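Below: the structure, in structure tokens.
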Amino acid sequence: MNLRIGPEMSQKMRAAVLVEPRRFEIELRTVPEIKPDEVLIEVARCGICGTDTHIHDGGFMAHRLPLVPGHEFSGRVVKAGSQSGVAEGIAAVVDINHGCGRCYYCRRNELMNCPSIKQIGIDVDGGFAEYVRVPGHLVIEAPETTPFDVLALTEPVACVVHSATRSGFELARSVLIIGAGPIGNLHVQMQRLTGAAPIIVAETSADRARLAKAAGADAVVNDPQVLMDVVHSLTEGRGVDLAIESVGATALYETAQAALRPGGHLAAFGLPPEGSELKVDLLTTVLRENSLMGSVAGPGQAMHHALSLLSHGRFDTSAFTSATYALEDISTAFETLPERPQDLKTQIILNDNL
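Numbering follows the working numbering, in which position 157 of the sequence shown is assigned residue number 1041; successive positions increment by one, without gaps.
Here it is as structure tokens:
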């Protein structure tokens, strides 16, 4: 459905509304009205993120339901407010992270700690709808030469860009990435771009292990019992410079911590259940000068970096764009995810004719 949006018309759109955990309903809604500083985007593609599955299953943001999820989207600006600073008709992606812009954290470019932060598709309605209303300052113009299915990967790529930036770059840094799902695979590709070597991946799924190897991992370990042997054999017995946990399991965080060399860094990325605790030997941590730093989302400049990397072909996106579902089949798309480990990303098609 390709609507022409005019101020004199009250148009309708389809939206996938999560009315309660594990139950979507396709509703016919009025296309949102925009304020002068907002824009209306006609959505082309929207990817399913691990956060979306947590929301779908009731483990996260249940108090926000009913909600239109979806935050990995691309599309075209069909209407722009007079104060938005955005041109109508452009291809676009959106930084989903909306801070107040005035608090201590926003002033320090630590947007994710803003007490008033709202995330599109998580706190407010998002991209599993034909149209989405967003603040103009969050819109990023995208190259017309980059397909919308690739553009819809900008937000997840921005997440690994943000993580890599917070962990710093160093040539020939040894890296262990635990988990080779969608984000783990992107971490492999990101670390390869930063010059890491060797890149070791721990992944029990044969399909995802194969894809991690194809993405540039130097060693992929399927058997957890031999992981430390492989880590030590590839690092002259020291342990890795950097360990990235991208699953969100306490036991795997402990594995990542144990794999570090003295002076090594643990990048906390995977989202564990609320209340999870990591046992830390404080004396050893102090004496070895190890560090841990969290990273969430991909706000601000990370989105621009991600868009540039994708539009110039720095990421292999073939395993991220092949699994697609119509909006009416969104429930099937979510429910079959565990059966499709070879599909690193599933995208919902809203409009392929933009």
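Quick reminder that beta carbons are idealized off the backbone N, C-alpha and C, glycines included.
In this text the structure is predicted, and so the values were computed from the model without any measurement.
Residues sharing a beta bridge with residue i, DSSP
i     : result
E911  : A899
V1110 : In DSSP, V1110 forms no bridge with anything.
C930  : F957 and I1232
M1177 : A1151
L1126 : V1059 and H1149
I1084 : L1060 and A1103
R1017 : L924
K963  : L924
A946  : According to DSSP, which records beta bridges pairwise, A946 is partnered with nothing at all.
A1207 : T1230
A1143 : None; A1143 has no bridge partner.
L1004 : As written in the sequence, residue 1004 is Ile, which differs from the Leu given in the question. Answer by DSSP bridge pairing, in chain order: V1008.
I1024 : V977
H904  : The identity of residue 904 in the sequence shown is Glu, whereas the question assumes His. Partner(s): R907.
H982  : K1002
L1118 : Answer is none; L1118 lacks a bridge partner.
L951  : L902
Span separating the alpha-carbon of residue i from that of residue j
i     : j     : result
Y1137 : D1227 : 25 Å
V970  : P1027 : 15 Å
A1103 : A1186 : 28 Å
L1022 : G1068 : 26 Å
R1063 : A928  : Strictly speaking, residue 1063 in this sequence is Gly, with Arg absent from that position. Cα to Cα, the separation comes out at about 29 Å.
N997  : L1194 : 27 Å
D941  : I932  : 13 Å
K1002 : A946  : 15 Å
E1161 : P1040 : 26 Å
S966  : P920  : 5 Å
Y989  : P1183 : 13 Å
E1219 : Q1231 : 14 Å
P1222 : F944  : 18 Å
E904  : T914  : 21 Å
R1092 : P1225 : 7 Å
T1201 : L1238 : 20 Å
E994  : F1053 : 20 Å
D1033 : P1066 : 15 Å
H1116 : L1060 : 11 Å
T1216 : L1095 : 24 Å
T1049 : V1072 : 14 Å
G1132 : L1070 : 16 Å
P1146 : A1080 : 18 Å
S1089 : A1143 : 21 Å
R986  : E917  : 26 Å
L1167 : D1113 : 25 Å
R888  : E926  : Unreliable positioning characterises R888 in this predicted model, as indicated by a pLDDT of 45, which lies under 50. A coordinate reading is not provided.
F908  : D1165 : 45 Å
Contact under 8 Å by Cβ, residue i with residue j
i     : j     : result
L1176 : L1150 : yes
G1011 : S968  : no
S1241 : A1036 : Because residue 1241 is not part of the residues shown, which for the chain are 885 to 1238, the question remains open.
C1043 : A1207 : no
E1129 : G1154 : yes
T1038 : L924  : no
L1126 : S1051 : yes
L1055 : D1009 : no
S1058 : P1082 : yes
L1111 : T1139 : yes
A964  : I1024 : no
G1148 : N1106 : no
H1156 : T1134 : The sequence given here has Pro at residue 1156, not His. In this structure, T1134 lies closer than 8 Å to P1156 by Cβ.
Beta-carbon separation (whole angstroms), residue i vs residue j, contact threshold 8 Å
i     : j     : result
K1163 : F1204 : Rounded, the Cβ-Cβ distance is 35 Å, inconsistent with contact.
M897  : E972  : Not a contact, Cβ separation roughly 18 Å.
V1018 : E922  : 7 Å
L1234 : C930  : 6 Å
A1101 : V1085 : 4 Å
I974  : V962  : Wrong, their Cβ atoms sit about 10 Å apart, outside the cutoff.
V1045 : H1189 : 5 Å
P953  : L902  : 6 Å
I1004 : T935  : Not quite, the Cβ-Cβ distance comes to about 12 Å (not below 8 Å), so this is no contact.
Test: residue i CB closer than 8 Å to a CB of chain D
i     : result
V1110 : Chain labels in this structure do not include chain D; a single protein chain is all it has.
### Query
Is the stretch 1203-1222 close to the stretch 1072-1082, with three or more CB pairs under 8 Å?
no
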